[in-house]
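K.L.:
Sharing a structure here in structure tokens format.
2 protein chains.
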Amino acid sequence: MQDLYPTRGEKIQRLERQDPVVHNEDRDGLSHDTTVRLRRFERDGYLFLPGLFHEAETTRLLREAERLKAQAESNADETAFFERDSGAVRSIFAVHDNSALFRAVAEDPRILTLASDILGDEVYVHQSRLNYKPAFSGREFYWHSDFETWHAEDGMPRMRALSVSLCLTPSLATNGPLMLIPGSHATFVGCPGETPPEHFRRSLVKQEIGTPDQESLTRMASRRGIKAPTGAAGSVIAFDCNTMHASAGNLTPFPRTNLFIVYNAMSNRIGEPFAAPRPRPEFIAARNRVQPLPRK
Amino acid sequence: MQDLYPTRGEKIQRLERQDPVVHNEDRDGLSHDTTVRLRRFERDGYLFLPGLFHEAETTRLLREAERLKAQAESNADETAFFERDSGAVRSIFAVHDNSALFRAVAEDPRILTLASDILGDEVYVHQSRLNYKPAFSGREFYWHSDFETWHAEDGMPRMRALSVSLCLTPSLATNGPLMLIPGSHATFVGCPGETPPEHFRRSLVKQEIGTPDQESLTRMASRRGIKAPTGAAGSVIAFDCNTMHASAGNLTPFPRTNLFIVYNAMSNRIGEPFAAPRPRPEFIAARNRVQPLPRK
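Chains G and D, in that order, are what the protein sequence lines are.
According to my numbering, numbering within the first sequence proceeds without interruption in unit steps and concludes at 296.
According to my numbering, numbering within the second sequence proceeds without interruption in unit steps and concludes at 1296.
Next comes the structure, spelled out in structure tokens:
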């Protein structure tokens, strides 16, 4: 298979995106609201939907997230990752597999329909995770394009995937909210450095390989700045697989817990990694157990 | 001298503030604007004054800050402190002594008058510093009350001092702005831990002793939240010596450079440290070379 997005080589390479952002070719049948959303997603590389879920729903989901965290604290399996300094739970993966409640979120029409409309295909869950960003000690996530990793380490061929982040706690300006660079999804930044074996064990705690250079980030951010949408629990940010994003540490007493669901087009299923010695495990990147999500 | 604010002992102690916030007893002669400002400062423990300085002024000041940084990079003296990981310049002290331009800021009536009105006395510069918070790598400042350190390590007897932070670059929501807990200035949190000798060498890079416990922070922040004023270069935040504040790391390509001037009342000059083996050096805490600033 041709590698349209070479990365993990010797040098930084800035390449033009080779894929559409909104893949749905037939937009005539869509509602006005949906059309507006798709245009914004196409232009910015993300879409902020405040209050898409109700507070009562997120209360229940947050309780479920706390339950999984307590479980990981007492009896950690491989799906849990911990903060370097404090040892607090940083992320838990494959939560749509391990919890009926999170499975239901992945299949919820409010986000599944949006994902299908953007990707123009049947979709499946490539990855799901809870990020806890604990109070006082939550560490940052440095700038990255998810696609860069999914392409290099998981073998995702094309840019035809997106993430949905559902805030289970209020996303404040001060507790390490998701930051995005609008427009950055139009450029692929191939990042230098060879992927070491089992790279995910380190990169999911602190990513150092597969991160863009400062010049690329400065160029991208100088055009349209950096956005950090804030809102109540239940707010949703959907963002393209190649949108450059990061989040700062959390020093506040307010944890920031988010559920991430990554949707990939069925036509874009993953193959051999493009730049890694072997694929990442199934709980980080769905490879064998792949089923199109049912649209209701 | 009686120690009204014991700290660095065995346990956390939450004590009521023993001093006024606004010390000026004769407010009748003040303008309406000033009266409003003093009331807000009294209630919140800080005051945000967007655009107090003009852009042309801050451009010149930023150039001066860059000059001092380049000087520290090539030939560091003891007034410069560096980031742990990146080695970038984090802070430079005593800049009102080392630069006529910063001296002029300290004497500028726009802030000096405010400081005198709040402190109700002639004032002098207890400390001045530039914080650079460099792009991509600027590290956080954890929660602290300045007074806790000034009392313990410098021997400042009473709460009758304040800081003025002048933004030399835009203070964005995303580049690690100053965060303050409104109302926190009403409580003194005595922090556990013995002050080691030469503590400032470490604490000015990463403070670990003299920091409040999570419960105190949670209580304080749960009442009125956390504020992080943002604004153009030239904006000013004045805050009480006991207001709990912090700032997150800076992952963005936009450095956040601030000038801090700390004013202390002449009647509140420092003595023997209340909880440290010996006083900090003159360039961090003015002790011998103390002169009231001339009001113009």
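The beta-carbon is built from N, C-alpha and C at its ideal position, and this holds for glycine as well.
I'd like to check one pair, D1240 of chain D with G1120 of chain D: are the Cβ atoms closer than 8 angstroms?
P.N.:
The sequence position of residue 1120 of chain D within the second sequence is 120, counting from 1. The sequence position of residue 1240 of chain D within the second sequence is 240, counting from 1. Not closer than 8 angstroms, so no.
K.L.:
Can you tell me the Cα-Cα spacing of F1200 of chain D and Y1005 of chain D, whole angstroms?
P.N.:
In the second sequence, counting from the first residue as 1, residue 1200 of chain D sits at position 200. In the second sequence, counting from the first residue as 1, residue 1005 of chain D sits at position 5. F1200 of chain D and Y1005 of chain D: Cα-Cα distance of roughly 20 angstroms.
K.L.:
Within 8 angstroms (strictly less), CB to CB, does I1237 of chain D reach chain G?
P.N.:
The residue given as residue 1237 of chain D occupies position 237 in the second sequence. It does not; no Cβ of chain G falls within 8 angstroms.
K.L.:
Anyone know if the C-beta pair for S1128 of chain D and A1106 of chain D falls short of 8 angstroms?
P.N.:
Locating residue 1128 of chain D in the second sequence gives position 128, where the first residue counts as 1. Locating residue 1106 of chain D in the second sequence gives position 106, where the first residue counts as 1. In contact: S1128 of chain D and A1106 of chain D (Cβ atoms closer than 8 angstroms).
K.L.:
To test your reading of the DSSP string, which unbroken alpha helix (DSSP H) runs of 4 or more residues are found completely within the segment 187 to 252 of chain G?
P.N.:
The segment 187 to 252 of chain G contains these whole alpha helix (DSSP H) runs: 199 to 203 and 214 to 224.
K.L.:
Would you list the one or two residues that DSSP bridges to E1016 of chain D?
P.N.:
Position 16 of the second sequence, counted from the first residue, corresponds to residue 1016 of chain D. E1016 of chain D is bridged to D:T1187.
K.L.:
Could you check which residue in G:T169, G:R40, G:R224 and G:N175 has the C-alpha nearest to that of R139 of chain G?
P.N.:
If you number the first sequence from 1, residue 139 of chain G lands on position 139. If we check each option's Cα against that of R139 of chain G, G:N175 comes out closest.
K.L.:
Could you tell me whether the segment 185 to 192 of chain G touches the segment 1264 to 1283 of chain D, where touching means 3 or more Cβ pairs closer than 8 angstroms?
P.N.:
No, they do not touch.
K.L.:
What residues are listed by DSSP as bridge partners for L1178 of chain D?
P.N.:
Indexing the second sequence from 1 puts residue 1178 of chain D at position 178. In the DSSP output, where bridge partners are listed per residue, L1178 of chain D has D:S1247.
K.L.:
Can you tell me which of G:H96, G:N131 and G:R280 puts its alpha carbon nearest to the alpha carbon of H151 of chain G?
P.N.:
Numbered from its first residue, the first sequence carries residue 151 of chain G at position 151. Taking only the C-alpha atoms, the option nearest H151 of chain G is G:R280.
K.L.:
Take F1136 of chain D and list the residues in its own chain whose beta-carbon comes closer than 7 angstroms to its own, dropping the five residues that flank it on each side.
P.N.:
Working through the second sequence from its first residue, we reach residue 1136 of chain D at position 136. If we look at F1136 of chain D and ignore the five residues flanking it on each side, its Cβ neighbours are L1251 and P1253.
K.L.:
Cβ of Q214 of chain G less than 8 angstroms from any chain D Cβ?
P.N.:
Looking up residue 214 of chain G in the first sequence gives position 214. Closer than 8 angstroms: yes.
K.L.:
Mind pulling the chain G residues with CB within less than 7 angstroms of T1252 of chain D?
P.N.:
In the second sequence, counting from the first residue as 1, residue 1252 of chain D sits at position 252. In chain order: A221 and I226.
K.L.:
Is I261 of chain G helix, strand or coil by DSSP?
P.N.:
Position 261 of the first sequence, counted from the start, is the residue given in the question as residue 261 of chain G. Note: I261 of chain G maps to strand in three-state DSSP.
K.L.:
Assuming contact is defined by CB atoms lying nearer than 8 angstroms, are S1145 of chain D and M1244 of chain D in contact in what I supplied?
P.N.:
Residue mapping note: residue 1145 of chain D aligns to position 145 of the second sequence, counting from 1. Residue mapping note: residue 1244 of chain D aligns to position 244 of the second sequence, counting from 1. Contact: yes.
K.L.:
Is DSSP giving S163 of chain G helix, strand or coil here?
P.N.:
Here residue 163 of chain G corresponds to residue number 163 of the first sequence, with the count starting at 1. The answer is strand: DSSP assigns S163 of chain G an E or B state.
K.L.:
Taking 8 angstroms as the cut-off, does the segment 1108 to 1126 of chain D touch the segment 1276 to 1292 of chain D (at least 3 CB pairs, one atom from each stretch)?
P.N.:
Touching, yes.
K.L.:
If you measure between the beta carbons of P1255 of chain D and R1224 of chain D, is that distance less than 8 angstroms?
P.N.:
Counting from 1 along the second sequence, the entry for residue 1255 of chain D is found at position 255. Counting from 1 along the second sequence, the entry for residue 1224 of chain D is found at position 224. No, the pair does not count as a contact, with Cβ atoms beyond the cut-off.
K.L.:
Over what stretch of residues does the beta strand (DSSP E) that includes R1090 of chain D continue unbroken?
P.N.:
Within the second sequence, residue 1090 of chain D is the residue found at index 90, counting from 1. R1090 of chain D -> beta strand (DSSP E) spans V1089 to F1093.
K.L.:
Name, please, each residue of chain D whose Cβ falls closer than 8 angstroms to the Cβ of G249 of chain G.
P.N.:
Locating residue 249 of chain G in the first sequence gives position 249, where the first residue counts as 1. E1140, A1248 and G1249, listed in chain order.
K.L.:
According to DSSP, what are the bridge partners of R1110 of chain D?
P.N.:
Along the second sequence, read from residue 1 onward, the residue named residue 1110 of chain D stands at position 110. In the DSSP output, where bridge partners are listed per residue, R1110 of chain D has none listed.
K.L.:
Taking the beta strand (DSSP E) that W150 of chain G belongs to, which residues open and close that run?
P.N.:
For the purposes of this step, residue 150 of chain G is taken as the residue at position 150 of the first sequence. Segment D146 to D154 is the alpha helix (DSSP H) holding W150 of chain G; no beta strand (DSSP E) there.
K.L.:
Which of helix, strand or coil does DSSP assign to V1125 of chain D?
P.N.:
On the second sequence, position 125 is the one that residue 1125 of chain D refers to. It is a strand residue.
K.L.:
If you run the structure through DSSP and keep just helix, strand and coil, what is F102 of chain G?
P.N.:
The residue labelled residue 102 of chain G in the question sits at position 102 within the first sequence. Helix at F102 of chain G.
K.L.:
Does M1244 of chain D come within less than 8 angstroms of chain G when only Cβ atoms are used?
P.N.:
Counting from 1 along the second sequence, the entry for residue 1244 of chain D is found at position 244. By this cut-off, M1244 of chain D is not an interface position.
K.L.:
Shortest alpha-carbon distance to P50 of chain G belongs to which of G:P229, G:S247, G:E215 and G:I270?
P.N.:
For the purposes of this step, residue 50 of chain G is taken as the residue at position 50 of the first sequence. When only C-alpha atoms are compared, the closest one is G:P229.
K.L.:
Against chain D, with Cβ distances strictly below 8 angstroms, would L101 of chain G count as a contact?
P.N.:
Within the first sequence, numbered from 1, the residue matching residue 101 of chain G stands at position 101. Chain D, which has no Cβ nearer than 8 angstroms to the Cβ of L101 of chain G, makes this no.
K.L.:
Flag A1173 of chain D as yes if its beta-carbon sits less than 8 angstroms from any beta-carbon of chain G, otherwise no.
P.N.:
On the second sequence, position 173 is the one that residue 1173 of chain D refers to. It does; some Cβ of chain G falls within 8 angstroms.
K.L.:
Report the rounded CA-to-CA distance for S203 of chain G versus G210 of chain G, giving the unit in angstroms.
P.N.:
In the first sequence, counting from the first residue as 1, residue 203 of chain G sits at position 203. In the first sequence, counting from the first residue as 1, residue 210 of chain G sits at position 210. Rounded to whole angstroms, S203 of chain G to G210 of chain G spans 9 angstroms at the Cα level.
K.L.:
Quick test of your reading: R17 of chain G and T187 of chain G, contact by CB under 8 angstroms. State the CB separation rounded to the nearest angstrom.
P.N.:
Walking along the first sequence from the start, residue 17 of chain G turns up at place 17. Walking along the first sequence from the start, residue 187 of chain G turns up at place 187. Rounded, the Cβ-Cβ distance is 7 angstroms, consistent with contact.
K.L.:
Along the segment 1266 to 1283 of chain D, what residues have a CB closer than 8 angstroms to any CB found in chain G?
P.N.:
Per Cβ criterion, the list is empty.
K.L.:
Just tell me which of G:P134, G:R60 and G:L166 has its CA closest to the CA of G87 of chain G.
P.N.:
Here residue 87 of chain G refers to the residue found at position 87 when the first sequence is read from its first residue. Looking at the Cα atoms, G:P134 is the closest of the given residues.
K.L.:
In angstroms with no decimal places, state the Cα-to-Cα distance between R14 of chain G and P212 of chain G.
P.N.:
Counted from its first residue, the first sequence places residue 14 of chain G at position 14. Counted from its first residue, the first sequence places residue 212 of chain G at position 212. Near 10 angstroms, if we compare the C-alpha coordinates of P212 of chain G and R14 of chain G.
K.L.:
Pull up the distance between the alpha-carbon of T218 of chain G and that of I226 of chain G, whole angstroms please.
P.N.:
Taking the first residue of the first sequence as position 1, residue 218 of chain G is located at position 218. Taking the first residue of the first sequence as position 1, residue 226 of chain G is located at position 226. Spanning the two alpha carbons is a distance of roughly 10 angstroms.
K.L.:
When the cut-off is 8 angstroms and only beta carbons count, does M1179 of chain D lie next to chain G?
P.N.:
Translated into positions along the second sequence, residue 1179 of chain D becomes position 179. Yes, contact with chain G.
K.L.:
Give every residue of the same chain whose Cβ lies closer than 7 angstroms to the Cβ of Y142 of chain G, excluding the five residues on either side of it in the sequence, and list them in chain order.
P.N.:
By one-based count along the first sequence, residue 142 of chain G stands at place 142. Excluding sequence neighbours, Y142 of chain G sits near Q207, T211 and A246.
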